[in-house]
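This report refers to the structure that appears directly beneath it.
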Amino acid sequence: AAQRKGTSDYVIPTGGLFDACTMPHYLFEIVAWFGLAFVAGQLNAVLVAAGMASYLAGRSVATTRWYEDKFGTKWPKDRAHLVPGLF
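Counting in the working numbering, the sequence shown runs from 3 upward without gaps.
And the structure:
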């Protein structure tokens, strides 16, 4: 859809993992946090990664609900929140 000056039109994200889950970029951010925790080898780094995973999981559910409200029946009901096929 062409955008008019001063407006923004929301669209359903598609392509890549966006066809399987709402927030694939959050999934890879979580992978990066746990990668850093692994390299650091410190308990506090693991706790930070776990905290970020918890926060981003909650945000992915909220975002899915927003999309469901915004697009109604157009929103694909089989799309996961964060991890394709699991959550």
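We treat Cβ as the ideally placed atom computed from N, Cα and C, and that holds for glycine.
Small disclaimer: the values here were computed from a predicted structure and weren't measured.
Helix, strand or coil at residue i [DSSP, three-state]
i, result
"residue 22", "coil"
"residue 43", "coil"
"residue 17", "coil"
"residue 88", "coil"
"residue 69", "helix"
"residue 12", "coil"
"residue 35", "helix"
Residue(s) in a DSSP beta bridge with residue i
i, result
"residue 82", "23"
Cβ neighbour criterion (16 or more within 10 Å) applied to residue i
i, result
"residue 84", "buried"
"residue 34", "exposed"
"residue 62", "buried"
"residue 42", "exposed"
"residue 64", "exposed"
Nearest residue (CA-CA) to residue i, options the options
i, options, result
"residue 58", "11, 17 and 24", "24"
"residue 12", "88, 79, 72 and 80", "72"
"residue 27", "50, 55, 69 and 43", "55"
"residue 17", "89, 81 and 88", "81"
"residue 31", "15, 47, 51 and 20", "51"
"residue 88", "39, 29 and 65", "29"
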